[in-house]
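These notes concern the structure reproduced below.
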Amino acid sequence: MSGFQRLALALTIIGAINWGLIGLFGFDLVAFIFGGYDSMLARIIYSLVGIAGLINLGLLFKPNVELSRTEPRVDR
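Quick note on numbering: the sequence shown equals residues 3 to 78 in the numbering used here.
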C-alpha cells in the first residue's frame with residue numbers, strides 16, 4: 003500500500019469516526035474543530051474525506067498479493 007493510499011485510508015477512518023459520533027451522540031467533531039458545518043475549512047475536510055473514500059474503493063477490487071504469493075499446498 004502506497005503512502006497516498008495510507009493517507010486516503012486514514013482520512014476515511016476519520017470520516018467514519020465522525021459519522022459514528024454524529025449517529026450516536028449528534029456531535030459533529032469536524033464542525034466543532036473547524037468552526038461549524040458551514041465554515042470553508044470544515045467543507046474542505048468533508049470534501050477530502052469524500053475523495054479519500056472514492057480512492058479507497060480501489061482497495062475493494064485490488065487482488066490480495068499475499069494470497070497470490072503463497073506456496074503451493076503439498077498433500078502428504
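By construction, the Cβ of each residue, glycine as well, lies at the ideal position given by its N, Cα and C atoms.
Less than 9 Å separates the beta-carbon of I47 from that of F36.
In the three-state DSSP reduction, Y39 falls in the coil class, being neither helix nor strand.
Around L43, the same chain offers F36 as residues with beta carbons nearer than 6 Å, after the five sequence neighbours per side are excluded. In terms of Cα proximity to A10, the closest of N66, S49, D77 and R45 is S49.
In its chain, beyond the 5 residues on either side, V51 have a beta carbon closer than 6 Å to the beta carbon of G17.
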